[in-house]
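Quick note: the sequence shown uses full-length UniProt numbering, first residue 1, plus one each step.
Input: a single structure, listed below in structure tokens.
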Amino acid sequence: MSRLLVTGGAGFIGSNFVHHVIAHTDHTVTVLDKLTYAGNEASLAGLPEDRVRLVVGDIADAAVVDPLVAEADAVVHYAAESHNDNSLHDPRPFLDTNIIGTYTLLEAARRHDVRFHHISTDEVYGDLELDDPARFTESTPYNPSSPYSSTKAGSDLLVRAWVRSFGVRATISNCSNNYGPYQHVEKFIPRQITNVLRGIRPKLYGTGENVRDWIHADDHSSAVLTILDKGVIGETYLIGADGEKDNKSVVEVILEITGQPVDAYDLVTDRPGHDLRYAIDSTKLRTELGWTPTYGDFESGLAATIDWYRDNEAWWASAKDGVEAFYASKGQ
């Protein structure tokens, strides 16, 4: 039995990972989460108390981090400020969490010689043209375009430096856009799902042509477990499920699944510097480590996600009005 420290484990992909670990392994998990607006203790509800412990604290606080890392066999670092719109409004929290927080964790992993896995994003690579047949690979140069993606790029580089300079036993994964349960309603898919469930027309930035490469959070979780088990120290692995969809198509699928006219959405002011297209080539992960996604069908995964939000309104309702007020103030 291994002891995992999961930072950001009350957030979206972090909590999905914790659920996945409990369902598929014998590991115990300590969750370290600051419980900001994006973290929700309710996302861990129902998990066995003898295997999951929540510690409320800041990953940038060495006094909190050090003893938790010391007692862990591995650190899985999900915690991050991750919303592009928020980073454009106020970049400072992204520096504090994504840069200083990652540094603090790496120093603790260095002191105690603890295995470290760093969760990152495909957004560090910038974007691709809509008609470009290429996909991001592990050798794609970094070209971030927002305070969010630039601080995630910086945190990736810190991990690489701590591996090379100090021998920290770390790996990195850069994943495409996640969807699934427990995602905050500020994000694209749950915002549109909860709009429809409340009788509000979905909203599309610009013309909705921007393309994202979608992966269900369960598949992301299984990939991270595979990297923890089989990954080569110092290596980066890209995680993707061949789920490229433009935003307009995603909204139309949501409307179709929920029995609405597929054109019942509004176009709103585009986000500044909105990346055009992300696309992941996960060949290295699949061929070298033997990982494959479970959700090969985006529509079925999305239908299950819609069902979850329909059945769990108590989880998201309290945040919904504030999110919509924020976007309305920006004409979005």
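For every residue, glycine included, the Cβ atom is placed at its ideal position computed from N, Cα and C.
Please read all numbers here as calculations on a predicted model, not as lab measurements.
Simplified DSSP assignment, three categories, for residue i
i, result
"tyrosine 278", "coil"
"valine 52", "strand"
"serine 150", "helix"
"aspartate 266", "strand"
"asparagine 174", "strand"
"arginine 271", "coil"
"alanine 74", "strand"
"aspartate 132", "coil"
"histidine 27", "coil"
"isoleucine 119", "strand"
"leucine 289", "helix"
"valine 250", "helix"
"threonine 7", "strand"
"aspartate 61", "coil"
"aspartate 307", "helix"
"residue 350", "In the structure as shown, the chain begins at 1 and stops at 332. Residue 350 is therefore absent and cannot be evaluated."
"aspartate 33", "strand"
"tyrosine 142", "coil"
"glycine 331", "coil"
"valine 323", "helix"
"tyrosine 295", "coil"
"aspartate 90", "coil"
"valine 21", "helix"
"alanine 109", "helix"
"serine 300", "helix"
"proline 67", "helix"
"aspartate 96", "helix"
"threonine 258", "coil"
Chain-order list of residues whose beta-carbon lies under 6 Å from that of residue i (same chain, five-residue window excluded)
i, result
"alanine 303", "Ile257"
"serine 43", "Ala10, Ser15, Tyr182"
"tyrosine 148", "Asn84, Ser87, Phe94"
"aspartate 58", "Lys34"
"valine 211", "Glu244, Asp246, Arg277"
"isoleucine 306", "Ile193, Ile257"
"threonine 236", "Glu138, Ile172"
"glutamine 332", "Val268, Thr269"
"aspartate 213", "Ser176, Gly240, Gly243, Glu244, Tyr278, Ala279, Ile280"
"proline 144", "Val124, Ser150, Ala153"
"valine 262", "Glu252, Leu255, Glu256"
Straight-line Cα distance separating residue j from residue i
i, j, result
"aspartate 219", "asparagine 312", "21 Å"
"glycine 180", "arginine 310", "12 Å"
"aspartate 61", "threonine 283", "37 Å"
"isoleucine 222", "valine 6", "The amino acid at residue 222 is misidentified as isoleucine; the sequence shows serine. In a straight line, the C-alpha of serine 222 is about 15 Å away from that of valine 6."
"histidine 77", "isoleucine 119", "6 Å"
"alanine 317", "glutamate 186", "12 Å"
"glycine 199", "arginine 164", "53 Å"
"threonine 28", "valine 18", "9 Å"
"threonine 294", "histidine 216", "9 Å"
"leucine 128", "histidine 274", "12 Å"
"histidine 24", "histidine 89", "39 Å"
"glutamate 324", "leucine 130", "29 Å"
"phenylalanine 188", "tyrosine 37", "16 Å"
"valine 64", "glycine 322", "31 Å"
"leucine 158", "alanine 170", "11 Å"
"isoleucine 227", "histidine 20", "14 Å"
"arginine 53", "proline 133", "45 Å"
"phenylalanine 12", "isoleucine 100", "21 Å"
"alanine 70", "aspartate 297", "41 Å"
Option in the options with minimal Cα separation from residue i
i, options, result
"glycine 206", "Asp266, Ser221, Asp213, Gly231", "Asp266"
"serine 329", "Glu41, Lys248, Val268, His19", "Val268"
"residue 340", "Ala241, Leu197, Thr102", "Shown here, the chain extends from 1 to 332; a query on residue 340 therefore has no answer."
"glycine 234", "Glu138, Asp90, Asn40", "Glu138"
"tyrosine 142", "Glu123, Pro293, His118, Asp270", "Glu123"
"asparagine 40", "Tyr327, Val55, Leu289, Ile280", "Val55"
"tryptophan 291", "Asn178, Gly231, Ala170", "Gly231"
"isoleucine 289", "Leu225, Pro48, Phe166", "Per the sequence shown, the amino acid found at residue 289 is leucine instead of isoleucine. Ranking Leu225, Pro48, Phe166 by Cα distance to leucine 289 puts Leu225 first."
"threonine 140", "Tyr327, Gly331, Trp315, Ile280", "Ile280"
"alanine 45", "Asp321, Ala314, Thr104, Val323", "Ala314"
"arginine 286", "Leu238, Asp275, Ala325, Gly322", "Leu238"
"tyrosine 125", "Asp73, Gly154, Ile227, Val323", "Gly154"
"valine 160", "Asp229, Tyr103, Ser145, Ala134", "Per the sequence presented here, residue 160 reads as arginine, with valine not at that position. Minimum Cα distance to arginine 160 is reached at Tyr103."
"aspartate 26", "Arg53, Ser2, Glu49, Ala319", "Ser2"
"glutamine 260", "Val52, Asp229, Asn195, Asp73", "Asn195"
"serine 82", "Lys320, His184, Glu49", "His184"
Residues near residue i by beta carbon distance below 7 Å, same chain, minus five either side
i, result
"valine 168", "Leu106, Ala109, Arg110, Phe116, Trp162"
"alanine 80", "Gly8, Thr97, Asn98, Lys152"
"alanine 264", "Arg201, Leu255"
"lysine 248", "Leu204, Gly208, Glu209"
"valine 253", "Glu299, Leu302"
"leucine 197", "Tyr309, Arg310"
"leucine 68", "Leu5, Thr30, Leu32, Val55"
"serine 146", "Asn84, Ser87, Leu88, Gly273"
Cutoff 8 Å: residue i Cβ touching any chain B Cβ
i, result
"proline 202", "Any reference to chain B falls outside this structure, which holds one protein chain only."
Contacting residues, own chain, Cβ-Cβ under 8 Å from residue i (five flanking each side not counted)
i, result
"valine 251", "Gln192, Pro202, Leu204, Gly208, Tyr265"
"isoleucine 22", "Val29, Leu47, Pro48, Arg51, Val52"
Quiz item: What are the uninterrupted segments assigned as beta strand (DSSP E) that are 3 or more residues long and contained completely in the stretch 169-248, given in chain order?
Solution: Counting whole runs of 3 or more residues, the stretch 169-248 contains the beta strand (DSSP E) stretches 170-175, 177-179, 203-205, 211-216, 236-239, 244-246.
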